[in-house]
Structures are given as C-alpha cells and as structure tokens.
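Everything below concerns the one structure shown next.
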Amino acid sequence: MKRIAKANLAELLSAMAAEAKLYVPAESDGIVNFVSWQEGLAVELAALNVLVPPKKFFYPQTETVLKYEMGEDLQIEDFACKAGEKAILFAVRPCDVSSFAMMDKVYLEEPPDEAYRRRRENTTVIALGCTEPDEACFCQSFDIDAAKAPGADVLAVDTGEELALVAQTEKGEELISALNGLLSEATSGDENKVKDEQEKIADRYVTSVSLRGIKERLAGMFAADYWERLYKRCIGCGTCTFLCPTCHCFDLQEYAAGNCGERIRCWDACMFADFTQMAGGHNPRPSQKERVRQRFMHKLNYFPQQHGDYACVGCGRCVRKCPVNLDILEVIREAGGGTDGL
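Residue numbers (the numbering used here): 36 to 377.
The structure is reproduced here in structure tokens:
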C-alpha cells in the first residue's frame with residue numbers, strides 16, 4: 036500500500052498523464068463527467084457518479100467502424116485495429132468498475148469485439164472507494180462493496196487528508212512503480228485507517244433491495260397484467276438506457292457518397308420504437324409495454340440466465356434521472372423481492 040497527500044494530487048496526475056492519456060472526473064455547468072486531464076483542472080472526488088458512465092471509453096457512444104472506397108480494387112480501412120490508445124481512468128467508482136466485468140461478458144466472448152478488447156487491454160483503471168452514498172445507491176444489494184473494487188487495477192481510498200493506493204493487478208503494479216517517486220509507503224496506522232473507512236461505508240447505506248426469487252418470479256411474468264400497468268408512465272426517452280453502465284445495445288449505420296462510404300456504430304436503446312423494427316415493417320415490440328418489459332426482463336432474468344450476473348450494479352443513475360420515476364427498485368419489490376429504507 037502507498038499513500039500520497041491530497042494536496043499533492045495535481046503532481047500525481049501530471050505524472051500519470053506522462054504515462055498515458057489521463058481521464059478524470061471534473062465538473063462543468065453543474066455536471067460531473069470524465070474528461071481529459073490538463074494542468075489546472077479541478078478534479079471532482081466527492082461526486083458519487085459521473086453522469087455518463089465510463090463504459091464510453093471501451094464502447095464509445097459513436098465510432099467509425101470502417102471506411103471504404105470502390106475503384107479498381109475495393110479499399111477498406113478497418114478502424115478496430117486502430118483502437119486502444121494507452122489510457123488511465125482515475126477515480127472510477129466501484130459500481131462502474133463492476134459494470135466493466137459485465138460488459139466483458141458480452142464483448143470479450145468468442146469472437147471478441149476487437150476494438151473493445153484493445154481499449155480494455157490498454158486502459159489502466161484506478162477505482163476510488165465511496166464514502167457517502169445517497170438514497171438512490173443500492174450497489175450492495177448486488178454484492179458490490181462500495182469501498183472496494185476488485186476488478187480495478189488500482190484501488191484508491193480517501194482517508195481524509197490522503198489517498199491510499201493499492202495495486203491489484205500487474206498493470207496496477209506497473210503504474211504504481213512508475214509513480215513511486217511521488218508516493219510514500221503506508222504504515223500499519225495507514226492500513227488500519229483504510230480498513231476503518233471501508234467498514235464505515237456499509238453502515239451509511241439507507242436503501243437496499245432483496246433479489247430473492249426475482250429471476251424465478253419474472254420467468255413466469257412475461258404475459259402478466261403487471262406490465263400493462265407499469266408501462267403507462269414511460270415516455271420512451273431512453274434516459275435510463277443511455278445512462279446505464281451495463282446497457283450495451285448498438286446500431287450500425289452506413290453513409291455513402293459516390294464511390295466512398297462509412298460505417299458507424301452508435302449506442303441504441305430498447306426503449307425506442309424502432310429498436311426492433313424490421314425491414315418489412317413488422318415490430319415484435321409494437322408498444323411501450325413490450326419495451327419496458329424487455330428492459331427489466333433483460334436486466335433481472337435474461338442476462339442472469341445467460342451470464343450468471345444481474346445486468347445492474349445499483350449505481351442509481353436511472354433512479355435519479357428518470358423523468359417519470361419509473362424505478363427499478365419498485366419493479367424488484369413488486370415482482371418478487373423486497374426493499375428496506377424506501
């Protein structure tokens with residue numbers, strides 16, 4: 036374990052930026068998101084979550100997949116082989132770190148998505164343990180420890196005046212080694228302080244949800260009247276899916292001009308009417324009822340059946356930002372689980 040005074044954070048970030056492209060949470064117009072670090076930038080360590088989840092660094096909201104030009108020979112420029120500049124993500128919350136593992140199950144299964152794989156391999160993730168959850172946070176319900184992030188390369192713990200840093204992977208050890216001139220060795224007192232901070236966080240959660248029996252109950256609810264009642268609040272805006280760290284659906288679009296063309300990939304959402312629209316006009320999810328049902332069935336039944344994990348990390352973004360308060364906690368409670376503190 037290493038430590039550094041938070042007063043020296045700018046110096047630490049400058050050294051990280053010399054190693055790779057560095058992204059940090061920063062506030063602009065009242066909104067916190069990950070941005071490229073530069074000298075003088077005020078880093079936001081107190082915000083619970085950035086607004087747009089950091090999945091965007093592995094799976095961009097919009098990206099060019101390929102370009103082509105037709106002449107005597109067809110020339111194709113494949114952008115997947117160009118993806119993955121060396122990068123560092125600093126201060127990623129444990130819930131978002133857990134979301135990366137879920138995304139890996141989709142994009143790294145054979146055959147892997149090459150652009151995603153390159154970005155994952157070339158990015159070092161530094162997690163920052165939480166200290167003050169709010170009423171919309173429920174990550175512990177999904178067995179995520181808000182003070183720890185085993186999937187991160189480095190875990191940072193805020194102990195007040197200092198940050199404690201623990202390397203957890205080979206990439207993490209390499210980064211800590213490169214920064215060693217700026218870091219001090221932690222003492223046994225520092226280690227005890229970190230343990231104390233990590234133990235305190237569990238008692239600060241006010242919201243929890245029981246997932247007991249939810250998969251089994253939902254398996255028999257496909258045709259239930261419940262969805263008819265629930266969907267009428269949904270306006271199909273897609274906020275929940277675009278701010279969700281585990282939603283991973285995309286669309287492919289092609290644009291042609293003369294003998295040249297470009298294919299792009301962009302985020303898509305099951306909340307949109309044209310998401311399942313077929314070329315002949317048929318839509319197997321013709322109303323918002325089927326789309327709302329799909330969202331919750333996928334997260335709480337289909338994905339667990341396929342991959343063994345719920346497709347939710349309890350980050351609370353959809354709870355905070357849904358304009359009609361269509362709450363996943365409400366769905367879990369009414370469909371077979373239970374909540375405390377609501």
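We put the beta carbon where it would ideally sit given N, CA and C, even for glycine.
Residue pairing for leucine 287: DSSP places it in a beta bridge opposite Arg300.
DSSP, read as helix, strand or coil, puts methionine 105 in strand. Between the region 340-347 and the region 137-145 there are three or more C-beta pairs closer than 8 Å, enough to call the two in contact. Per DSSP, aspartate 193 lies in no alpha helix (DSSP H); the unbroken beta strand (DSSP E) holding it starts and ends at 189-193. In terms of CA proximity to glycine 119, Asn157 leads the group Glu107, Asn157, Thr222. Here tyrosine 58 carries a strand assignment [DSSP, helix/strand/coil].
Distances from the alpha-carbon of cysteine 275 to those of Lys356, Lys102, Gly106, Cys172 put Lys356 closest. Fewer than three Cβ pairs drawn from the region 318-337 and the region 54-62 lie within less than 8 Å of each other, which leaves the two stretches out of contact. Cβ atoms of aspartate 193 and arginine 38 stay farther apart than 8 Å, at about 11 Å. Judged by DSSP secondary structure, lysine 206 falls outside any beta strand (DSSP E) and instead within the alpha helix (DSSP H) spanning 205-213.
Taking the CA atoms as reference points, glutamate 234 sits about 34 Å from aspartate 64. In chain order, Arg268, Cys269, Ile270 place their CB closer than 8 Å to the CB of valine 359, counting only its own chain and leaving out the 5 sequence neighbours on each side. Shortest Cα-Cα distance from serine 243 to any of Leu163, Phe177, Val229 involves Phe177.
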